[in-house]
Amino acid sequence: IGLSEKLNFQTETQKILHIVAESLYTEKEVFIRELISNSSDAMEKVRHAQLTKPELIEEGSIPFEIKISTDDDKKTLIIQDSGIGMTKEEMIKNLGNIGYSGSSEFLKKLGESQDKSSIIGQFGVGFYSCFMFTPNLLPLVQRVIFGESDGSGSYTISEADNVSRGTKIIIHLKPNSYEYSKKSTVENIIKKYSSFVGFPILLNGTAVNTIRPLWTLNKNAITEEDHKQFFQYLSKSYDTPSYHIHFSTDTPLSIRSIFYVPSQHMEKYGMGKMEPGVSLFSRKVLIQQKAKGILPDWLRFIRGVVDSEDIPLNVSREHLQDNGLIQRISSVLVKRILKNLSEEAKKDPAKYNNFIKEFGGFFKEGIITDFKWKDDISKLLRFETSDKADEICSLEEYVSRMKPNQDHIFFVSVPNRTVGQLSPYYEPFKLKGIEVLFLYNQVDEFVLSQLGYFGDKKIVSVESKEAEEFLLSNQEKKDQTLSQADIDKFLSWVQEVAGEKVSTAKATTREISSPAIVIDHESATFRRMYKMLEPGKA
Ligand code: ADP
Ligand code: MG
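In full-length UniProt numbering, the protein residues as written are 79 to 616.
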């Protein structure tokens, strides 16, 4: 390579540079991620060559490292790698042609059987993220294997000093981007996007990426302590995760993921709504931190990482929201998470019960807000019942204990167990030995009515018409103690006194010790809710 050769971008490239700069990358800082990814790819290619064409690789061991240095005085940022490098021709081809990706050419040449996931680049646009500092393009002076662009649509390639193999990129920052010559700024960006790149990244001599990407490792190679540390790194907490879900699949989509359930959450203290806690990666490089849409809102307490090669690196925040691929990935993941939690519940019910006591509210929210998953979620819920104090059970267990003549799942909404046991609505069930769910949370009744059914069993309140019908049809005939005339007289009196508050007053043979009860389509909780909505009654 001749020293300092000035070359021009093709005219189309110049125009497209602006479009790329403006639209492709919503965050300016990703240019550092892109350059690191390119360096990583270049070293990955050396590794590959060492295996396939050892004669082409020089003797001696040059360490695989990405060296980054900042110089606040000179306002420069330097990125150097010991990768495969580029010849002059390759450089012109790679940099002068937007959308041309030497890496994707490289992948095409690899056999089907070879693992391609270690190469990050594929679109041939990453390099251009450096030019985001428009209208003045970021000047690049690249020695050895890269060129300089002075903003006039040209770039220079020249030979670098002290580079034995690889590429060195010297970026002379424009005043509007001086921040990238500060060590702390660059360090944060590297940690944010490139913490899991497979080669050491040294910033001014110190390694920055020291955490292993657990989701890419073999399950057996990860200890509980590794999980704990990784979870703490992800959640920025000192909490211990109660569960972890390590899940990979190749069909129909390629997904590597790891999820953690914390042992507690802060929303219960009125700390406000939690942010989503799962970040989206592609080939170990961050695409979006705490991505919305990768998991539904009601799973926001989960922390973790989702890595999919199928997601383009340059997908933007806006695109992510209505990206069909993300929705498909999300569906696969939610199914998996719910299935896993069901399994955990079977493995260790006591541990699971603690978990659901802490996080049950999120699942209830899911039933109310996410129609698609309500049946799956319902299997995870636990309730106390009339028959067992201080114990919670699943709807499945409840159903398995139902009496042969029982066709519904019954619940009563009460403030606590004592009130439940004394409830006149519960009394006839108690007499018949029928188990009833005791709901202590105002929202529970709403959740169960939203659910409607568990399998083929309708879920109804003990105050409902269905409950009344059930009781009457399962009752031994008894002799009436009052004459019909007395009953009629009494009922018309009730009707008169109650006025518009009741539609009809009826006699019943319900076995009950209370003299009268109110039966409604809606239960007491709903009546209270409606009452609150009436003007002037709040
Ligand atoms: P992509 O990485 O998606 O292929 P880029 O625009 O980031 O696209 O880079 C274009 C091409 O330039 C790469 O495919 C690679 O062949 C070459 N390249 C970029 N950076 C380096 C580097 N540090 N070392 C060697 N080759 C590089
Ligand atoms: Mg790239």
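Here a beta-carbon is modelled for each residue, glycine too, at the ideal position from N, C-alpha and C.
Residues that DSSP places opposite residue i in a beta bridge
i: Thr284; result: Leu281
i: Gly355; result: Arg381
i: Glu462; result: Ile470, Phe516
i: His324; result: Ile336
i: Val490; result: Phe516
i: Leu155; result: Thr148, Ile249
i: Lys536; result: His486, Tyr531
i: Val363; result: Ser360
9 Å Cβ cutoff met for residue i and residue j
i: Tyr258; j: Ile110; result: yes
i: Arg378; j: Met352; result: yes
i: Tyr321; j: Leu419; result: yes
i: Phe489; j: Val540; result: yes
i: Lys252; j: Asp150; result: no
i: Asn266; j: Thr148; result: no
i: Phe309; j: Thr318; result: yes
i: Lys537; j: Leu526; result: It should be noted that the sequence gives Ile, not Lys, for residue 537. Yes, these two residues count as a Cβ contact at 9 Å.
i: Ser118; j: Gly276; result: yes
i: Val497; j: Thr463; result: no
i: Lys145; j: Leu280; result: yes
i: residue 617; j: Phe440; result: The structure shown does not extend to residue 617, since the chain is modelled only from 79 to 616, so the question has no answer here.
i: Arg406; j: Pro330; result: yes
i: Asn552; j: Asn483; result: yes
i: Lys510; j: Lys481; result: yes
i: Val286; j: Ile300; result: no
i: Leu529; j: Ile445; result: yes
i: Asp465; j: Arg479; result: yes
i: Trp113; j: Ile289; result: In the sequence as displayed, the identity of residue 113 is Leu instead of Trp. Result no, Cβ atoms of Leu113 and Ile289 do not sit closer than 9 Å.
i: Leu459; j: Phe337; result: no
i: Thr245; j: Ala120; result: yes
Same chain only: Cβ atoms within 6 Å of residue i, ignoring 5 sequence neighbours per side
i: Val572; result: Ala583
i: Ile597; result: Glu546
i: Leu517; result: Phe489, Ser491, Glu523
Beta-carbon proximity list for residue i, same chain, < 7 Å, skipping 5 on both sides
i: Leu403; result: Asp388, Ile389
i: Tyr503; result: Val490, Val540, Glu541, Ile595
i: Asp454; result: Leu416
i: Pro291; result: Phe274, Lys362
i: Phe532; result: Ser456, Leu473, Val477, Ile487
i: Lys306; result: Thr318, Pro319
i: Tyr256; result: Lys153
i: Ala585; result: Ile565, Leu569
Contact belief for residue i with residue j at Cβ below 8 Å, rounded distance in angstroms
i: Glu143; j: Pro278; result: 5 Å
i: Val521; j: Lys442; result: 6 Å
i: Leu155; j: Val264; result: 7 Å
i: Ser386; j: Ser357; result: Actually they do not touch by this definition, with Cβ atoms about 12 Å apart.
i: Ser408; j: Ile372; result: 6 Å
i: Gly204; j: Ser326; result: Rounded, the Cβ-Cβ distance is 26 Å, inconsistent with contact.
i: Asn494; j: Ile470; result: No, Asn494 and Ile470 are not in contact; Cβ-Cβ is about 15 Å, not under 8 Å.
i: Lys543; j: His486; result: Not a contact, Cβ separation roughly 11 Å.
i: Trp293; j: His343; result: Incorrect: roughly 22 Å between the Cβ atoms, too far for contact.
i: Ile448; j: Trp376; result: It is worth fixing the name first, because residue 448 is Asp in this sequence and not Ile. Between Trp376 and Asp448 the Cβ distance is about 6 Å, and since that is below 8 Å, they are a contact.
Sequence-distant residues of the same chain with beta carbon closer than 8 Å to residue i, five excluded per side
i: Gly355; result: Leu312, Ser313, Lys368, Arg378, Phe379, Ile380, Arg381, Gly382
i: residue 653; result: There is no way to answer for residue 653, as the model of the chain reaches only from 79 to 616.
i: Glu554; result: none
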